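Asks:
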Amino acid sequence: MGLVESFAQFGTDWWYVVAPIAFAGLVAAALVRASALPAGESGVLLRFANGAGRVTGWPDWAAATFLVAFGAMLIAFSGFFWDVAWHVSIGRDEFLLSPPHVHLLLATTGLGIAGALGVHVATRTDAPVGWQVRRWRVPFGCAGLLAMGVLAISGYWVDEFWHAIYGLDVTMWSPPHMLMIGSVMFAPIATWLVLAEAGRRPVSGGTAVPLPATTSAAGTPSWRVLQHRVMAGLSAGAVLVGLSAVQFEYDLAVSVWPQAAQVVLIALAASVGLLLTRVVLGRGGALAAVGVFVVLRVVMAVVTAGVWSLEVARFPLYLAGAIAVEIAFLVTRGRSWTTRAYVAGGAVGTAGLAGEWLWMQLWGYHPWGAGLWPEALLGTVAAVAIAPIGVAIGRVLAHRSVAINGRVAGAGALVALLAIAPTLVRDTADVSARVTSSVVSTDAAGRSLVDVTVEVTPVDAAVDADRFEVFQWQGGERTIRPLVPTGEPGAYRIEEPAPVGGERKTMVLLASGSQLGAVPIYLPADPEIGASEIAFEPVREADMVPQTDLFLREALEGAPTWPGYIAGVVIAVAIGGTIAALAAGVVGLDRRRAGSTPPPGRRDAVDAGTEARESELV
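Numbered according to numbering that gives the first Met the number 0, the sequence shown terminates at residue 617, and the numbering increases by one at each position without gaps.
(1) Anyone know if the C-beta pair for A386 and G344 falls short of 8 Å?
(2) Return the chain-ordered list of same chain residues with a C-beta closer than 6 Å to the C-beta of A340, the five sequence neighbours on each side being excluded.
(3) Could you pull out every residue in the same chain whose Cβ sits closer than 8 Å to the Cβ of A418, ignoring the five residues on either side in sequence?
(4) Roughly how far, in whole angstroms, is the beta-carbon of L630 from the beta-carbon of K504, given that I think they are within contact range, below 8 Å?
(5) Can at least three beta-carbon pairs, one atom from the stretch 324-340 and one from the stretch 271-290, be found at a separation below 8 Å?
(6) Do the stretch 429-439 and the stretch 532-543 make contact, defined as three or more Cβ pairs closer than 8 Å?
(7) Any idea what DSSP makes of F470, helix, strand or coil?
(8) Rank Q471, D459 and P498 by C-alpha distance to the C-alpha of P484 and give the top, closest one.
(9) When you compare the stretch 243-253 with the stretch 306-313, are there three or more beta-carbon pairs, one atom per stretch, that lie closer than 8 Å?
(10) Between the stretch 56-73 and the stretch 150-162, do at least 3 Cβ pairs fall closer than 8 Å?
(11) May I have the straight-line CA-CA distance separating A580 from A186, to the nearest angstrom?
(12) Determine the direct distance from the alpha carbon of S88 to that of P209, and round the result to whole angstroms.
(13) Helix, strand or coil: which one does DSSP assign to M72?
(14) May I have the straight-line CA-CA distance separating T190 from G140, to the nearest angstrom?
(15) With DSSP as the reference, identify every bridge partner of L509, one or two as the case may be.
(16) Would you decide whether P526 is buried or exposed? Buried here means 16 or more other CB atoms lie within 10 Å of its CB.
(17) Any idea if D463 is buried or exposed, counting beta-carbon neighbours within 10 angstroms, 16 or more meaning buried?
(18) Does DSSP classify W57 as helix, strand or coil?
(19) Hey, is S511 close to the ligand FAD, as in C-beta under 7 Å from one of its heavy atoms?
(20) Over the uninterrupted alpha helix (DSSP H) stretch that includes R296, give me the two end residues.
(21) Looking at the structure shown, is A113 part of a helix, part of a strand, or coil, going by DSSP?
(22) Quick check: P127 and V16, are their CB atoms within less than 8 Å of each other?
(23) So V585 and V395 are in contact, right, with Cβ under 8 Å, and what is the actual spacing, rounded?
(24) Here's a check: name, in chain order, each residue in its chain whose Cβ is nearer than 8 Å to the Cβ of D548, leaving out the five neighbours to either side.
(25) Expressed to the nearest angstrom, what Euclidean distance is found between the alpha-carbon atoms of A524 and R539?
(26) Would you report the Cα separation of R332 and S400, rounded to the nearest angstrom?
(27) Please list the terminal residues of the continuous alpha helix (DSSP H) segment that includes L222.
(28) Rounded to whole angstroms, how far is the Cβ of V507 from the Cβ of V469, which I believe are closer than 8 Å?
(29) Give the straight-line distance between the Cα atoms of A558 and P174, rounded to the nearest whole angstrom.
(30) By Cβ distance below 8 Å, which residues in the same chain neighbour E495 in space, the five residues on each side in sequence not counted?
(31) Measuring CB to CB, does G90 end up less than 8 Å from R223?
(32) Could you tell me the distance, in whole angstroms, from the CA atom of A163 to the CA atom of L357?
(33) Across which residues does DSSP place A432 in a beta bridge pair?
(34) In terms of DSSP beta bridges, what is L482 paired with?
(35) CB-CB under 8 Å to S234, same chain, minus the five flanking residues each way: which ones, in chain order?
(36) When DSSP labels each residue in this structure, what does I533 get in the three-state scheme?
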């Protein structure tokens, strides 16, 4: 259905789309008015960039790129949380152009526009940056943003192709969705690369690290120093938010993948994000990144629950990892950067993950238990392996030599991929269950309140399980009722009755390592996809089926497998291309910095005394 029908049903929600667009328009108009360029002799884009440069003190191309990209990331941040929580609480979209989808479309388009705008302004102003591609000047960070925007937008077309063959789905980890998420999650790093190429250096340890050669640190107005600190802090927090995006189904307790994958994903995000921010910002940088990350996630949780009345995500904390990184950098001061990377990565993979284990006991929907061992050790391997990449990127963003051998970084990326691969293996739980559901009362909505007892065979199938619960989602709410032992072998029950009926899907879920299974309790009819009702029965005896059979009822039966394989390869290549574009920008900036003839207005090389002083900060 179209935009008109969507607006008729979700009219009030559209204000959350209109408001940021209106605000962005006002900001753009103000910056155009602030431009020093004559209105009749330059286009509106150059005037916008010039106004942004005058306000921020940055080169015009960088100021315009950063402001547009940062605005797009904020919209992507809210739209992503809104869309996933919408599917979890409500179900499928009835409209392609729903408010959350329009949010995401604006955001992904905005990232591509930001990259194109940077290229346009850099070319028109003949800025000595990036690569020369025919007549175009392509700043290093803009190349990454362009690739991310193009690939993320292409994900919408791939999504339509996927749905046409395999049916509708609401899983975040479907290949087309991962194309969009995987393309955009690195945008904060690309945006930070824009500032690094522009000569913007961070403010660390309370001391202004030298800014561009045209302005001395001592002569920089205090408000400009504050501006750089704020931008650096926001960028650091945004890096952690972006790297954590693929964990969001775990945050909402709806993932149909083994829980060990969550451990590895947290380890990877922490190792790259915390080491990168620690290197760029100096002492306390990892803690600052965590602080901004927590503020952003708390704000989004308040908006999700209080404004949209959707499910609240319970996110990783990263605090223990940040403390571990700060200590690791202090005790390895004076050692090689490769050594420091491995020690800090090891700290993340041990003390950092131990802290997350405790945090999950206090806050997580699914506390980490003994069943995660020994697969959880793959998180330690991944954190150590990927650590040199975080340090290498951080060094370049901080205007220092990369200091990490490329083969070390490449081998680390390969080991990290090999570490997460075993955690993505899924098998159907070889378990049969007898589910006894007793109606004890009814609630105000007329739904039956049901007490559920589950007996499993073999009797030890749920011992130390990662997840064993009565799970309900969509139809307006997502609820979890953990199944606890009754004292009889293989027998479990919920401690609080579950409301069954209406449009909510209710099932028993078991996840133990790679063994994932489910038994339905009640699933409503879904005429739109031709799915019949799975009626409520007081007693149901059945073998467990794959969880995806119940989570993804919309999937078309008998669909060919070869389009999926082709799409998977294309998506992997596309995400790899995005990462390659970003990596090429990092390498390009490092080589430019180390060159013997740096562009005017840049301090690409630092003398030994400056390097020594900087080492005291990191």
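Ideal Cβ placement from N, Cα and C applies to all residues, glycine included. This structure is a prediction, so every number in the text was calculated from the model and none was measured.
Replies: Reading off the structure:
(1) Taking the first residue of the sequence shown as 1, we reach residue 386 at position 387. Taking the first residue of the sequence shown as 1, we reach residue 344 at position 345. In contact: A386 and G344 (Cβ atoms closer than 8 Å).
(2) Counted from its first residue, the sequence shown places residue 340 at position 341. If we look at A340 and ignore the five residues flanking it on each side, its Cβ neighbours are A386, P387 and V390.
(3) For this step, residue 418 is matched to residue 419 along the sequence shown. Correct list, in chain order: V263, L377, G378, V380, A381 and A384.
(4) Shown here, the chain extends from 0 to 617; a query on residue 630 therefore has no answer.
(5) The stretch 324-340, when compared against the stretch 271-290, does touch it at the 8 Å Cβ threshold.
(6) The answer is yes - the stretch 532-543 touches the stretch 429-439, with three or more Cβ pairs under 8 Å.
(7) Locating residue 470 in the sequence shown gives position 471, counting from the first residue. Strand at F470.
(8) By 1-based counting over the sequence shown, the position of residue 484 is 485. For P484, the nearest C-alpha among the options comes from D459.
(9) yes
(10) no
(11) Here residue 580 corresponds to residue number 581 of the sequence shown, with the count starting at 1. Here residue 186 corresponds to residue number 187 of the sequence shown, with the count starting at 1. When rounded, the distance between both Cα atoms is 12 Å.
(12) Position 210 of the sequence shown, counting from 1, holds the residue named residue 209. Position 89 of the sequence shown, counting from 1, holds the residue named residue 88. Residue placement at P209 is poorly supported in this model, since its pLDDT is 37, which falls under 50; the coordinates are not used for a value here.
(13) On the sequence shown, residue 72 is found 73 positions in, with the first residue counted as 1. Helix, per DSSP.
(14) Your numbering for residue 190 matches position 191 in the sequence shown. Your numbering for residue 140 matches position 141 in the sequence shown. The straight-line gap from Cα to Cα measures roughly 6 Å.
(15) Locating residue 509 in the sequence shown gives position 510, counting from the first residue. Beta-bridge pairing links L509 to F467 and G516.
(16) Here residue 526 refers to the residue found at position 527 when the sequence shown is read from its first residue. It counts as exposed.
(17) Reading the sequence shown from its first residue, position 464 is the one you call residue 463. Flag for D463 reads exposed.
(18) The residue you call residue 57 lines up with position 58 of the sequence shown. It is coil, neither helix nor strand.
(19) Only the bare structure without any ligand can be found here, which leaves the ligand FAD out of the picture.
(20) Within the sequence shown, residue 296 is the residue found at index 297, counting from 1. Unbroken alpha helix (DSSP H) run through R296: G284 to G305.
(21) Counted from its first residue, the sequence shown places residue 113 at position 114. It is helical.
(22) Translated into positions along the sequence shown, residue 127 becomes position 128. Translated into positions along the sequence shown, residue 16 becomes position 17. Not a contact, by the Cβ cut-off of 8 Å.
(23) In the sequence shown, counting from the first residue as 1, residue 585 sits at position 586. In the sequence shown, counting from the first residue as 1, residue 395 sits at position 396. Indeed, because the Cβ distance is near 5 Å, the residues count as touching under 8 Å.
(24) Looking up residue 548 in the sequence shown gives position 549. Once the five neighbours on either side are set aside, the close Cβ partners of D548 are A517.
(25) Start at 1 with the first residue of the sequence shown, and residue 524 comes out as number 525. Start at 1 with the first residue of the sequence shown, and residue 539 comes out as number 540. Their Cα atoms are separated by approximately 18 Å.
(26) The residue you call residue 332 lines up with position 333 of the sequence shown. The residue you call residue 400 lines up with position 401 of the sequence shown. Distance between the alpha carbons of R332 and S400 is about 17 Å.
(27) Position 223 of the sequence shown, counted from the start, is the residue given in the question as residue 222. Position check: residue 222 holds Trp in this sequence, whereas Leu was assumed. Per DSSP, W222 belongs to the alpha helix (DSSP H) from S221 to L242.
(28) Locating residue 507 in the sequence shown gives position 508, counting from the first residue. Locating residue 469 in the sequence shown gives position 470, counting from the first residue. The Cβ separation is near 6 Å, so the contact holds.
(29) As a working mapping, residue 558 is identified with position 559 in the sequence shown. As a working mapping, residue 174 is identified with position 175 in the sequence shown. Rounded to the nearest angstrom, the two C-alpha atoms are 16 Å apart.
(30) In the sequence shown, the residue the question calls residue 495 occupies position 496. The residues are R480.
(31) Indexing the sequence shown from 1 puts residue 90 at position 91. Indexing the sequence shown from 1 puts residue 223 at position 224. Not closer than 8 Å, so no.
(32) Start at 1 with the first residue of the sequence shown, and residue 163 comes out as number 164. Start at 1 with the first residue of the sequence shown, and residue 357 comes out as number 358. Distance between the alpha carbons of A163 and L357 is about 43 Å.
(33) As a position in the sequence shown, residue 432 is number 433, starting the count at 1. Its beta-bridge partners are V455 and A541.
(34) By 1-based counting over the sequence shown, the position of residue 482 is 483. Residue pairing of L482 in beta bridges, as defined by DSSP: I493.
(35) Here the question's residue 234 lines up with position 235 in the sequence shown. Around S234: P187, T190, W191 and L194.
(36) By 1-based counting over the sequence shown, the position of residue 533 is 534. If DSSP states are grouped into helix, strand and coil, I533 belongs with the strands.
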